[in-house]
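Student:
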Amino acid sequence: MTPVELSRTVLHAVRCAVDAGELSVAVPAKALVERPRPGGCGDYATGIALQLARPSGQAPRQIAEVLRDRLLVVPGVAGVEITGPGFLNITLDGDGLSGLVRDVLRGGSSYGHVDERVPAGPLAHDRPVSVRLQVAPGPRAAVLADALARILRSQGVSVLLRYEDAAGPDPAWGALSVPPYDPLSGDHIENIDYIDEDDGPGHDADLASASVLLVRPVPAPADPLPLGRAAGRWALLYPAAHDRPRIAEDHLVQRESNPLFRVRYAHARTRALVRNAAALGFTSEPGDLGPAPALTPEATAGDPSATLTDPPTTPLVTALSTYPQALATAARRRAPDVLARHLVRTADAYLAYQGSVRILPVGDEKPSAAHRARLALAEAAGTVLAGGLDLLGIDAPDTI
Numbered sequence: 019m020t021p022v023e024l025s026r027t028v029l030h031a032v033r034c035a036v037d038a039g040e041l042s043v044a045v046p047a048k049a050l051v052e053r054p055r056p057g058g059c060g061d062y063a064t065g066i067a068l069q070l071a072r073p074s075g076q077a078p079r080q081i082a083e084v085l086r087d088r089l090l091v092v093p094g095v096a097g098v099e100i101t102g103p104g105f106l107n108i109t110l111d112g113d114g115l116s117g118l119v120r121d122v123l124r125g126g127s128s129y130g131h132v133d134e135r136v137p138a139g140p141l142a143h144d145r146p147v148s149v150r151l152q153v154a155p156g157p158r159a160a161v162l163a164d165a166l167a168r169i170l171r172s173q174g175v176s177v178l179l180r181y182e183d184a185a186g187p188d189p190a191w192g193a194l195s196v197p198p199y200d201p202l203s204g205d206h207i208e209n210i211d212y213i214d215e216d217d218g219p220g221h222d223a224d225l226a227s228a229s230v231l232l233v234r235p236v237p238a239p240a241d242p243l244p245l246g247r248a249a250g251r252w253a254l255l256y257p258a259a260h261d262r263p264r265i266a267e268d269h270l271v272q273r274e275s276n277p278l279f280r281v282r283y284a285h286a287r288t289r290a291l292v293r294n295a296a297a298l299g300f301t302s303e304p305g306d307l308g309p310a311p312a313l314t315p316e317a318t319a320g321d322p323s324a325t326l327t328d329p330p331t332t333p334l335v336t337a338l339s340t341y342p343q344a345l346a347t348a349a350r351r352r353a354p355d356v357l358a359r360h361l362v363r364t365a366d367a368y369l370a371y372q373g374s375v376r377i378l379p380v381g382d383e384k385p386s387a388a389h390r391a392r393l394a395l396a397e398a399a400g401t402v403l404a405g406g407l408d409l410l411g412i413d414a415p416d417t418i
């Protein structure tokens, strides 16, 4: 169960408690689920009971007890404990890490996506939904709209694009994978929301009530075409819409200082491991990773909550398990940069993991179950990196 799925499960428990008369409160649009903080326990924690206390007129622990009883009967939930004033600490059932890896590999490039036929996703409380992106002139707006359309569709949202410039995007922008323009008929425009330079960090769009979103980011200060498709799109998408992008050649350099290079390099390393394993005559199989050393300080980069006593998988597992949540957040905030930053964290966590654990056997060593499991985790990381880059319209090369 991913954090997004667990969040939906918590909301479902609230809704059922309201329907049963156990709670008298409006069901919120979302429930924040995160890793437990110091003093907590379990796999995930939520403060939904504290959130509902004031509007319901009930004590947080009383609400938490109601929700705990409902969550305990949910398949996949092994235990629920109440800590502090009313935090719900949830322990998931199943085979933990290997179950997560199986979910990623089974989902492939669609891991984290929402089936449009299922009422679940960032707009689940008000489906069906169709959004039209009204695209301002300029290459950055065109690239941002294309990436946003991909992300929204991954969350089950129907998306149409319409350009303010009657001529549509410059055909030269095809080098940035901006799709050809298919003009729409002139419909009446209402409920317009904006994606522009005035939106500060964390601004959420009310997509469910906005039939049209105006895509108007800070324009690029220079022509991004000389950077090529991958670096050009990354340069336009990595900064938030309200930030001015840097159109510079450092997006092309193959160094650790280049976030795009790290993401693509990490993916290429996972593919190289799969090829090398095939040459040794074995494939991946999720399972027990075997004993591993503790984290180095550098290896915690992918997960600020990780400690030096955690296994080296912790930041990577966090990045993989929260990828669906990152997609949902990127859709809700209509911010492809949220996805781009998550991919950087995933790549950094994977590279740190690869550097701290021997994934493939060496010398006369025979492939073990631990080697197969470590390879499966690496393959899952590559799957997430490739899927995320694809949503940004950027390819994930198998070799660099």
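Mapping the sequence shown onto my numbering, position 25 (from 1) lands on 43, and the numbers just tick up by one. Each residue gets a CB set at the ideal place from its N, CA and C atoms; glycine is no exception.
Which residue or residues does DSSP assign as beta-bridge partners of Leu-106?
Tutor: Paired residues: Thr-64 and Ile-100.
Student: I'd like to confirm something about Trp-252: is its beta-carbon nearer than 7 angstroms to some heavy atom of the ligand FMN, or not?
Tutor: Although the ligand FMN was asked about, the structure shown includes no ligands whatsoever.
Student: Based on the DSSP secondary-structure assignment, which residues constitute the bridge partners of Ser-176?
Tutor: Paired residue(s): Ser-148.
Student: Could you tell me the boundaries of the beta strand (DSSP E) in which Val-233 lies?
Tutor: Its beta strand (DSSP E) spans residues 230-234.
Student: Give me whichever residues DSSP pairs with Glu-52 in a beta bridge.
Tutor: According to DSSP, which records beta bridges pairwise, Glu-52 is partnered with Ala-63.
Student: Between the stretch 289-305 and the stretch 264-276, do three or more beta carbon pairs fall short of 8 angstroms?
Tutor: At 8 angstroms Cβ cutoff, the stretches do not touch.
Student: Looking only at its own chain, which residues have a Cβ that is under 8 angstroms from the Cβ of Pro-103, when we skip the five neighbours before and after it?
Tutor: So the qualifying residues of the chain are Leu-68, Pro-78 and Arg-79.
Student: Within the continuous alpha helix (DSSP H) that includes Arg-252, where are the two ends?
Tutor: The amino acid at residue 252 is misidentified as Arg; the sequence shows Trp. Here the alpha helix (DSSP H) through Trp-252 covers 246-255.
Student: Would you report the Cα separation of Thr-336 and Val-356, rounded to the nearest angstrom?
Tutor: Their Cα atoms are separated by approximately 16 angstroms.
Student: Determine the direct distance from the alpha carbon of Gly-250 to that of Leu-393, and round the result to whole angstroms.
Tutor: Whole-angstrom Cα-Cα distance: 32 angstroms.
Student: Determine whether the beta carbon atoms of Leu-255 and Ala-163 lie at a separation below 8 angstroms.
Tutor: Not in contact: Leu-255 and Ala-163 (Cβ atoms no closer than 8 angstroms).
Student: Which two residues bound the contiguous alpha helix (DSSP H) that contains Val-292?
Tutor: Segment 277-297, the alpha helix (DSSP H) holding Val-292.
Student: Taking only three categories from DSSP, how would you classify Val-119?
Tutor: Val-119: helix per DSSP, three-state reduction.
Student: Identify which residue in Thr-364, Thr-417, Lys-384 and Arg-376 has its Cα closest to the Cα of Gly-405.
Tutor: For Gly-405, the nearest C-alpha among the options comes from Thr-364.
Student: By Cβ distance below 7 angstroms, which residues in the same chain neighbour Gly-58 in space, the five residues on each side in sequence not counted?
Tutor: Excluding positions up to five away in sequence, the list reads Thr-101, Phe-105 and Asn-107.
Student: In its own chain, which residues sit with a C-beta less than 8 angstroms from the C-beta of Thr-417, not counting the 5 before and 5 after it?
Tutor: Excluding positions up to five away in sequence, the list reads Ala-286, Arg-289 and Ala-290.
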